[in-house]
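Take a look at the structure below.
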Amino acid sequence: MLLAVLSGQRPVHAMLRHTAGHAYDELIRLAERGPLRTRGVRPVVRDIGWFEPREGAIEAFARIGAGDRLRAMAFRLEQGRDLRWRCTAVELGGPRTRRADTR
17 MLLAVLSGQR PVHAMLRHTA GHAYDELIRL AERGPLRTRG VRPVVRDIGW
67 FEPREGAIEA FARIGAGDRL RAMAFRLEQG RDLRWRCTAV ELGGPRTRRA
117 DTR
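Under my numbering, the letters of the sequence shown match residues 17 to 119, in that order.
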């Protein structure tokens, strides 16, 4: 759902129940700039990885691709007392153009 919000496919308030702390405010700030909006090519998750620093917390990253452009997205999920997972932090890296295969 983060990708849908940051690409303008879903409104920011769709994440309200799925965020905690300052993550929602950061998401509003990021979404205002439409960092993953593209013309014609819909952004997709190309790769994802995660690290579990402690039980009930996951730090994840994703490479987001749209055409020949790649962006990095990092986010933290924490499990609440109600056992629901919520996003507590989100960051985006700058745009990159994929290099041509040099083989």
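Positions of the beta carbon are idealized from the N, C-alpha and C atoms, including for glycine.
Residue nearest to R85 within the set T35, G56, W101 and Y40 is G56 (criterion: CA-CA distance).
Within the same chain, A78, I80 and L108 come within 6 Å of M89 by CB-CB distance, once the 5 residues on both sides are set aside. The beta carbon of A20 is closer than 7 Å to those of R26 in its chain, skipping five residues each way along the sequence. Rounded to whole angstroms, the gap between the alpha carbons of V60 and L52 is 10 Å. Here DSSP, grouped into helix, strand and coil, assigns M17 to coil.
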